[in-house]
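Below: one structure, written as structure tokens.
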Amino acid sequence: MIQKISAPVSVQLIYDHRLRKVSPRQIFWDGKAIRVAEVGMHHTVREGRTLFHIFSVTSSDLFFRLKLDTDNLFWTLEEIADGLPN
Amino acid sequence: MDSQINLDFNRRPSSIMHIDLNSCFASIEQQANPLLRHKPVAVAAYDTPNGCILAASIEAKRLGIKVGLHVKEGRLLCPDLIVRTPDSDKYRAVHIALKKILSEYTPKVVPKSIDEFVLDFSGTPSFQKGMFVVSREIKDRIKKEIGDYLTVSIGLGPNRFLAKTASNLHKPDGLDEINETNYREIYQSLSLTDLNGINKQNATRLNMVGIYTVTDFFKADIPLLRSAFHSILGYYWFLRLRGWEIDDVDWDTKSFGHSYSLPKPLTTPEELAPILSKLVEKVGFRMRHSDFQAKGVHIALLYKDHQYFHEGRSLDQPIFDSRDIFRVAMRLLRHSPYRLPVRNIAISCFALSSRSTLQLDLFHDNQRKESLVAAIDAINDRWGNFVITPATMANTSEFVHDRIGFGQIRGLI
Numbered sequence: 016m017i018q019k020i021s022a023p024v025s026v027q028l029i030y031d032h033r034l035r036k037v038s039p040r041q042i043f044w045d046g047k048a049i050r051v052a053e054v055g056m057h058h059t060v061r062e063g064r065t066l067f068h069i070f071s072v073t074s075s076d077l078f079f080r081l082k083l084d085t086d087n088l089f090w091t092l093e094e095i096a097d098g099l100p101n
Numbered sequence: 304m305d306s307q308i309n310l311d312f313n314r315r316p317s318s319i320m321h322i323d324l325n326s327c328f329a330s331i332e333q334q335a336n337p338l339l340r341h342k343p344v345a346v347a348a349y350d351t352p353n354g355c356i357l358a359a360s361i362e363a364k365r366l367g368i369k370v371g372l373h374v375k376e377g378r379l380l381c382p383d384l385i386v387r388t389p390d391s392d393k394y395r396a397v398h399i400a401l402k403k404i405l406s407e408y409t410p411k412v413v414p415k416s417i418d419e420f421v422l423d424f425s426g427t428p429s430f431q432k433g434m435f436v437v438s439r440e441i442k443d444r445i446k447k448e449i450g451d452y453l454t455v456s457i458g459l460g461p462n463r464f465l466a467k468t469a470s471n472l473h474k475p476d477g478l479d480e481i482n483e484t485n486y487r488e489i490y491q492s493l494s495l496t497d498l499n500g501i502n503k504q505n506a507t508r509l510n511m512v513g514i515y516t517v518t519d520f521f522k523a524d525i526p527l528l529r530s531a532f533h534s535i536l537g538y539y540w541f542l543r544l545r546g547w548e549i550d551d552v553d554w555d556t557k558s559f560g561h562s563y564s565l566p567k568p569l570t571t572p573e574e575l576a577p578i579l580s581k582l583v584e585k586v587g588f589r590m591r592h593s594d595f596q597a598k599g600v601h602i603a604l605l606y607k608d609h610q611y612f613h614e615g616r617s618l619d620q621p622i623f624d625s626r627d628i629f630r631v632a633m634r635l636l637r638h639s640p641y642r643l644p645v646r647n648i649a650i651s652c653f654a655l656s657s658r659s660t661l662q663l664d665l666f667h668d669n670q671r672k673e674s675l676v677a678a679i680d681a682i683n684d685r686w687g688n689f690v691i692t693p694a695t696m697a698n699t700s701e702f703v704h705d706r707i708g709f710g711q712i713r714g715l716i
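Spelled out as structure tokens, the structure:
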């Protein structure tokens, strides 16, 4: 089941200078702190001249699509899914 | 041409590589969402029962789910099928990342579609390393740098056709070569329709002149092939099957077009106008972005009962403004003799020329129009597409989504 959301969300992001990697570590959503287990994919999208970073991540049982607006550094939760048939 | 009748198989070492990203859209969805891995997944134009399946994961293919099936048919074969709608930006990102890796091995990288590349290694230092070594290195780098769930099938050959054929021998994650030592054996294992470019119709043509197998096809002489195809194609196939290059052709841009399958059938020109307007805006923007103008507009309509109408019009003067394209397209739309529900609508601009040769018009101020169009394009480019749109396009945000075509892609990077 997939749920399209588009709501502001709090995200803890880690930058590792040795691995030169950036990845979300924790999402604070619906009153809960959710630990990111795996980053499936990170890609960028331009809407006009604004660059957005999209992180596709999973917790132990849920998928989250997170969008970072590089103009204001605000995060949006775009989608939650559970990996089951819709 | 007679002197080439006894042409041998090309003995040149395999320097052409064909790379095919397996189950592209579905694998990328599984890469992005690890919860979908090892499950039957389909990417469909719409997730409604009549949505057309555009890609199936390897697990879904094993259950018989193929490209072109409707979602409801896919669910009959596999009730647990997970259906996702396309995310074009994600697929473009993988395409660009893949191209970046491949470009480090040879400057001659040609994208054939969103999930296929042809590489020519002749004269490159990578070729000295050995094509199998380089192929395995590319496979490893894709897993490490783009995604560990992504696999590619790689084919090697002395020409593009054989490299492509080799890439289809083992899927997923294949690595095969067709060369002068193994081509006979491989040809024996293939049927005519396994060859890229031989569909059922072409196979029937070949059957009519006594060619039933790929080995027959290979052994056929030029006059026999000419009698099968009634054109130069017979000679091209003669060369292709012997490993000589005939497909290294860079086609010029001949037209810009967009089509759209309507989620609900619309009938009258007035109902279709907003969608046509949006298609025209997309075509016009892409055409101007590539610095072209057109002297022809063509529309095609496929109706719900499979009736088909298409009409093109050549113009006296080239046009570049979307408003002008829309005006011509609407005129063509009204010419359709049918008043039936439309299933698919397509528009294209043809007879292209460079916009640097803008001709002054005695009765219209083309330069003023050019400035206005350039300003609108600049605003749409800065703030995202369709910030400024014609009023005819109102309420079309849910229609004409961003899609990637199956064929050759241009202007992606």
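Quick note, the sequences are listed as chains A and B, same order. The numbering used here applies: residue 16 is where the first sequence begins, and numbers increase by one. The numbering used here applies: residue 304 is where the second sequence begins, and numbers increase by one. A virtual CB, placed ideally from N, CA and C, is assigned to each residue, including glycine.
Would you be able to state if there are at least three C-beta pairs under 8 angstroms between the segment 323-332 of chain B and the segment 407-421 of chain B? Yes: at least three Cβ pairs fall under 8 angstroms.
Could you tell me the boundaries of the alpha helix (DSSP H) in which Trp540 (chain B) lies? Residues Leu536 to Leu544.
Give, in chain order, every unbroken run of the beta strand (DSSP E) that is at least 3 residues long and sits entirely within the segment 546-604 of chain B. Taken in chain order, the complete beta strand (DSSP E) segments of 3 or more residues contained in the segment 546-604 of chain B are 559-569.
Do you know whose CA, among B:Trp540, B:Pro526, B:Arg487 and B:Gly477, lies nearest Ala506 (chain B)'s CA? Nearest to Ala506 (chain B) by alpha-carbon distance, out of B:Trp540, B:Pro526, B:Arg487 and B:Gly477, is B:Trp540.
Can you confirm whether Phe78 (chain A), when its beta carbon is compared against all beta carbons of chain B, has any partner nearer than 9 angstroms? Yes, Phe78 (chain A) lies at the interface with chain B (some Cβ there is under 9 angstroms from its Cβ).
For Ser639 (chain B), the three-state DSSP class (helix, strand or coil): Coil at Ser639 (chain B), not helix or strand.
Tell me which residue opens and which closes the beta strand (DSSP E) that Ser617 (chain B) is part of. DSSP places Ser617 (chain B) inside the beta strand (DSSP E), whose first and last residues are Tyr611 to Ile622.
On the DSSP letters alone, give me the boundaries of the alpha helix (DSSP H) that Lys432 (chain B) sits inside. Segment Pro428 to Lys432, the alpha helix (DSSP H) holding Lys432 (chain B).
Output yes if chain A places a C-beta closer than 9 angstroms to the C-beta of Ala358 (chain B); else output no. No, its Cβ sits nowhere closer than 9 angstroms to a Cβ of chain A.
Contacts that Trp686 (chain B) makes with chain A (C-beta to C-beta distance below 9 angstroms): Glu62, Gly63, Arg64 and Thr65, listed in chain order.
Looking at Ile628 (chain B) and the ligand NAD, is the gap between the Cβ and the nearest heavy atom below 8 angstroms? The ligand NAD is not part of this structure, which contains no ligands at all.
Where are the alpha helix (DSSP H) runs, 4 residues long or more, that stay fully inside the segment 494-534 of chain B, in chain order? Listed in chain order, the alpha helix (DSSP H) elements of length 4 or more contained wholly in the segment 494-534 of chain B are 503-511, 517-522 and 525-532.
Using 8 angstroms as the cut-off, can you tell me whether the segment 573-588 of chain B makes contact with the segment 647-661 of chain B, which would need three or more C-beta pairs spanning the two stretches below that distance? Yes, the segment 573-588 of chain B touches the segment 647-661 of chain B.
Chain A contacts made by the segment 382-409 of chain B, where a contact means CB separation under 7 angstroms: For the segment 382-409 of chain B, which is checked against every Cβ of chain A, the residues closer than 7 angstroms are Asp383, Leu384, Ile385, Val386, Asp392, Lys393 and Ala396.
Among the candidates B:Leu422, B:Gln620 and B:Ile682, whose CA atom is the shortest distance from the CA of Ile457 (chain B)? Measuring from the Cα of Ile457 (chain B), the nearest candidate turns out to be B:Leu422.
Just to make sure I have the definition right: I need the residues of chain B whose C-beta is within less than 8 angstroms of the C-beta of Pro100 (chain A). Which are they? Here the neighbours are Pro382, Asp383, Leu384, Ile385 and Val386.
In angstroms, rounded to a whole number, what distance separates the CA positions of Asp392 (chain B) and Ser21 (chain A)? Asp392 (chain B) and Ser21 (chain A): Cα-Cα distance of roughly 17 angstroms.
Just checking, does the segment 430-439 of chain B make contact with the segment 74-92 of chain A on the three C-beta pairs under 8 angstroms criterion? They do not touch, by the three-pair rule.
Quick test of your reading: Ile322 (chain B) and Val455 (chain B), contact by CB under 8 angstroms. State the CB separation rounded to the nearest angstrom. The distance from the Cβ of Ile322 (chain B) to that of Val455 (chain B) is about 5 angstroms, consistent with a contact at the 8 angstroms cut-off.
Using the three-state DSSP reduction, which class does Arg439 (chain B) fall into: helix, strand or coil? Three-state result, Arg439 (chain B): helix.
Residues of chain A with CB under 8 angstroms from Asn485 (chain B), in chain order? From the beta-carbon of Asn485 (chain B), no residue of chain A is found nearer than 8 angstroms; the closest lies around 38 angstroms away.
Any C-beta of chain A under 9 angstroms from that of Pro566 (chain B): With its beta carbon at least 9 angstroms from every one in chain A, Pro566 (chain B) lies outside the interface.
Same chain, Cβ closer than 8 angstroms to Ile716 (chain B), neighbours up to 5 away in sequence not counted: Here Ile716 (chain B) scores only 44 on pLDDT, less than 50, and its place in the model should not be relied on; the value that follows carries that caveat. The beta carbon of Ile716 (chain B) sits closer than 8 angstroms to the beta carbons of Ile399 and Lys402 from its chain, once the five residues preceding and following it are set aside; these are given in chain order.
Contact residues within the segment 309-338 of chain B, judged by C-beta distance below 8 angstroms to chain A: Against chain A - using a Cβ distance shorter than 8 angstroms - the residues of the segment 309-338 of chain B are Ile331, Gln334, Ala335, Asn336, Pro337 and Leu338.
Bridge partners of Asn728 (chain B), per DSSP? Lying before the first or after the last residue shown, residue 728 (chain B) is absent from chain B, which here runs from 304 to 716.
With distances taken between CB atoms, is the gap from Pro100 (chain A) to Pro352 (chain B) smaller than 9 angstroms? No, Cβ-Cβ distance for Pro100 (chain A) and Pro352 (chain B) is not below 9 angstroms.
Check the Cβ of Asp97 (chain A) against every Cβ in chain B and list those closer than 9 angstroms, keeping chain order. Chain B residues near Asp97 (chain A): Leu338.
Beta-carbon of His32 (chain A) versus every beta-carbon of chain B: anything under 9 angstroms? Taking 9 angstroms as the threshold, the shortest C-beta distance from His32 (chain A) to chain B does not fall below it.
Leaving aside the five residues before and after Gly546 (chain B) along the sequence, list all residues of the same chain whose C-beta is less than 6 angstroms from its C-beta, in chain order. The residues are Phe312, Asn313, Pro461, Asn462 and Leu465.
Is there a C-beta anywhere in chain B that falls below 9 angstroms from the one on Ser71 (chain A)? Ser71 (chain A) counts as touching chain B.
I need the DSSP call for Ser674 (chain B), collapsed to helix, strand or coil. The answer is helix: DSSP assigns Ser674 (chain B) an H, G or I state.
Straight-line Cα distance separating Thr73 (chain A) from Ile95 (chain A): When rounded, the distance between both Cα atoms is 9 angstroms.
Please confirm whether Gly367 (chain B) has its beta-carbon closer than 9 angstroms to some beta-carbon of chain A. No, its Cβ sits nowhere closer than 9 angstroms to a Cβ of chain A.
Identify the contact partners of Gly450 (chain B) in chain A, using a Cβ-Cβ distance below 7 angstroms as the criterion. Under the 7 angstroms cutoff, chain A gives Met56.
Please compile the residues from chain B whose C-beta is within a distance smaller than 9 angstroms of the C-beta of Thr59 (chain A). Asp392 and Ala396, listed in chain order.
Could you tell me the alpha carbon to alpha carbon distance between Gly377 (chain B) and Arg589 (chain B), rounded to whole angstroms? Gly377 (chain B) and Arg589 (chain B) have their alpha carbons spaced roughly 35 angstroms apart.
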